[in-house]
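Data block below; observations after.
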Amino acid sequence: MSGANDSSALPDGGITTELEVEQDYEQHERDKSGPRSMVLNMGPQHPSTHGVLRLLLELDGETILKAAPDIGYLHTGIEKEFEVKTYQQGVTLTDRIDYLAPLSNNLVYCLAAEKLLGLEIPPLAQWTRVMLAEFTRLNSHLVWLGTHAIDIGAMSVFLYCFREREEILRVFEMFSGQRMMTSYFRIGGLALEPPRGWQKRVKDFVDIFPSRVDEYEELLTSNRIWTGRTKGVGYISLEDMIDLGVTGPMLRAAGLRIDVRKDAPYSSYEKFDFEVPTRTENDVFARYAVRIEEMRQSTKIIRQALEGMPSGSHQADAPGIVLPDREKMKTQMEALIYHFKIVTEGFRVPEGEVYQAIESPRGEVGCYMVSDGTQKPYRVHWRGPSFGNLQAIPKMIEGTLIADVIAGLGSMDFVLGDTDR
Amino acid sequence: MIPENLREDPVASALDDVAVTAKFEFNELTVEIAPENILEALRRIKHQLRFERLSTVTAVDRYPAEPRFEIVYHLQSIAGKQYLRLKARVSGENPEIESAFAVYRAANWYEREVFDLYGVRFLNHPNLTRIMLPDDWVGYPLRKDVPVTGTRY
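Residue numbers (my numbering), protein chains in the order written: chain A, -12 to 408; chain B, -7 to 145.
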């Protein structure tokens, strides 16, 4: 590799490389004099790394001198795969990028393609998208809260969180037939009409959920072990975070009111009334508090979507792009031709390039789509929020204790599928 | 040089002397910069135009056209609630461009990713090594002349 650079010329970047840690280790092995540090491999199978993240830690006692994250264990070439799938087929790949927030990913991909196509999406589809995207946020935050609490030693919270998550997965199953890899949003609208009776299931959920959030708070918020492990831990300055590419709840816990849903509303978010919670402490506890409040706000959005759900079609009026109704396909010649064309070769998307960003549970997820006018995307680049967030790890944990690494990592809420793609 | 219709735009006009061309499509501003001016353009965007965040760096392979690679930067101004796309074209013969790390530290991993998957070298990058693939991997899989299926190429 031609990447070898003179490390003395480095600006103070707050970044540590794997090589640096390894060289330090070899140096200590060679000359046994001086203070001896230890190199610890945390991961790739360490449970608190939630997936396959490897952290190289150089320790002096329990203090971390240097930390270097090593990623790529889950790289599956999804960006390459997009280039050989038609636009509609690409939706199924997006589920698998961030497997805890499948519908957010479906949404950003569809919005990007719809921007290129100039499609107008009917209100029913937009509102359903908002509602399910907020369910995704709840789902993701619940998994985060449960696993984060387990890491810090509060076992029972996990069980409570997964009880509610099960309800959310049932909602997903009701709408799309799938619990996790939903692919429910399609270019042009929704895959299926919302099922009969969904209102009752969603209503049951939003009626009970706020009290369940109170339960989590009762277990954690004033729990002395919890506050002892989280308050004042995992500090990283706001300027560093912005410069290192961190987005989402991490920034909001540092007092910056940033949220794509408010700053650049998409899919009719501007019609919903909700707050963007912020805290100023900028530690693990603040990130926990922000996410708890986000859960309450998401429930509020879901309730508004439930009560004000518009009627109408679930798909755009775009015959060459959206699959025709089954009945029409059997009785009308044009519909049959369109059906055949869409299924066999897909639809052409006008030449151009767009970048669409939305607020996923973890931060800004972006889809950069380049079309060359054919049925398959020329290039799809995925800006995963976990990838940007993980870059800040060395800055956050260097100089702290090893026990705080677990809390700090947990507070970032990353998904390795999203990082490695 | 930016085209006539974008003279009024404050962002595009501030980059006039370093820009090759610019366009405004799908409500998104794209400014193409000559690769040798990329650092100057990024500095100006960060300090003068207040685009605090580098959202992502990626590349597009225009094989077999030359210059082959487009290096694409997405930037966001938090206060201005605005996105901007920068683009620089580098040749396939010798794909090299100055690293954005000196201006935005977020470029670190994004540029490593582009190096890993496209083989574009970023000069003065602090740690230009493969990030996704194993260190001994041969080839750059996101290039258009690499097939998707098959065991060899």
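Ideal Cβ placement from N, Cα and C applies to all residues, glycine included. It should be emphasised that the depicted structure is a prediction, and the values quoted were computed from it without experimental measurement.
Three-state class that DSSP yields for residue i in the structure shown
i: B:A4; result: helix
i: B:K15; result: strand
i: A:F172; result: strand
i: A:Y24; result: The question names Tyr, yet the displayed sequence has Ser at residue 24 of chain A. Note: A:S24 maps to coil in three-state DSSP.
i: B:Q74; result: strand
i: A:L98; result: helix
i: A:I137; result: helix
i: A:Q343; result: strand
i: A:W412; result: For chain A, the structure presents residues -12 to 408; residue 412 of chain A sits outside this window and is missing.
i: A:I375; result: Before going on, a small fix: residue 375 of chain A reads as Gly here, not Ile. In the structure shown, A:G375 sits in a helix (DSSP, three-state: H, G or I).
i: A:T286; result: helix
i: A:M356; result: strand
i: B:Y65; result: strand
i: A:S198; result: helix
i: B:I89; result: strand
Cutoff 7 Å; reference residue i; Cβ partners in own chain excluding five residues on either side
i: A:P182; result: M161, F162
i: B:N29; result: V10
i: B:I70; result: E44, R45
i: A:A276; result: R266
i: A:G133; result: V144, F145, C148, F149
i: A:Q284; result: F261, E262, P264
i: B:V112; result: A51, F61, I63, V82, P87, I89, V106
Residue i versus the options, residue with shortest Cα-Cα distance
i: B:R35; options: B:E85, B:R113, B:E58, B:L7; result: B:L7
i: A:A112; options: A:E180, A:S358, A:V357, A:E121; result: A:E180
i: A:P409; options: A:A88, A:L87, A:N376, A:K67; result: The question about residue 409 of chain A has no answer, for chain A in this structure spans -12 to 408.
i: A:G48; options: A:F401, A:L388, A:R41, A:I84; result: A:L388
i: A:G59; options: A:V392, A:S373, A:I384; result: A:S373
i: A:P337; options: A:L104, A:V220, A:A241, A:T115; result: A:L104
i: A:A120; options: A:I279, A:L80, A:I289; result: A:I289
i: B:W101; options: A:G386, A:T217, A:T4; result: A:T4
i: A:D138; options: A:D405, A:G397, A:G404; result: A:G397
i: A:L46; options: A:T63, A:M25, A:L40; result: A:M25
i: A:Q165; options: A:T217, A:T79, A:Y256; result: A:T79
Contact with chain A by residue i, beta-carbon distance below 8 Å
i: B:F18; result: yes
i: B:A11; result: no
i: B:H147; result: Beyond the ends of chain B as shown, which are -7 and 145, falls residue 147 of chain B; an answer cannot be given.
i: B:V(-6); result: The question names Val, but residue -6 of chain B is Ile in the sequence shown. For B:I(-6), the answer is no, since every Cβ of chain A falls outside 8 Å of its Cβ.
i: B:A33; result: no
i: B:N100; result: yes
i: B:L21; result: no
i: B:S47; result: yes
i: B:L125; result: yes
i: B:E24; result: no
i: B:Y55; result: no
Below-8 Å beta-carbon distance, residue i vs any chain B residue
i: A:F401; result: no
i: A:Q291; result: no
i: A:E425; result: Residue 425 of chain A lies beyond the residue range present for chain A, which begins at -12 and ends at 408; the question has no answer from this structure.
i: A:T267; result: no
i: A:Y12; result: no
i: A:H423; result: Any property of residue 423 of chain A remains undetermined from this structure, which presents chain A solely from -12 to 408.
i: A:F374; result: yes
i: A:L231; result: yes
i: A:Q378; result: yes
Proximal residues to residue i (C-beta, below 6 Å), its chain only, five neighbours per side dropped
i: A:L199; result: The amino acid at residue 199 of chain A is misidentified as Leu; the sequence shows Arg. Only E151 meet the Cβ criterion.
i: B:A14; result: I(-6), L(-2), A4, V23
i: B:A92; result: L34, A99
i: A:W131; result: D400
Sequence-distant residues of the same chain with beta carbon closer than 8 Å to residue i, five excluded per side
i: B:V52; result: F61, E62, V64
i: A:L98; result: Y253, S254, Q343, I345, C354
i: A:R239; result: I245, D246, V263, P264, T265, R266, V277
i: A:R335; result: G360, T361, Q362
i: A:G176; result: I108, P109, A112, S300, H301, Q302, A303, V309
i: B:P133; result: L109, L125
i: B:P59; result: R81, V82, S83, G84
Residue i beta carbon near the ligand GDP (any heavy atom closer than 7 Å)
i: A:E107; result: The ligand GDP is not part of the structure shown, which contains no ligands of any sort.
Exercise for the section: Can you give me, in chain order, the residues of the segment 52 to 68 of chain A that have a beta carbon less than 8 Å from any beta carbon in chain B? Expected result: I58, G59, H62, G64, E66, K67, E68
Handout entry: Near-chain C residues of the segment 75 to 91 of chain B - C-beta to any C-beta below 7 Å
Key = No chain C appears in the structure shown, which is made up of the protein chains A and B.
Problem - Interfacial residues, the segment 78 to 89 of chain A to chain B, with Cβ spacing under 9 Å - result: none
Handout entry: Contacting positions in the segment 97 to 130 of chain A - beta carbon closer than 8 Å to chain B
Key = K102, L103
Problem - Contact set between the segment 205 to 216 of chain A and chain B, restricted to residues whose Cβ is under 9 Å from the partner - result: none
Practice task
Select from the segment 329 to 350 of chain A all residues with a C-beta closer than 8 Å to any C-beta belonging to chain B, and list them in chain order.
Solution key: G339, E340, V341, Y342, A344
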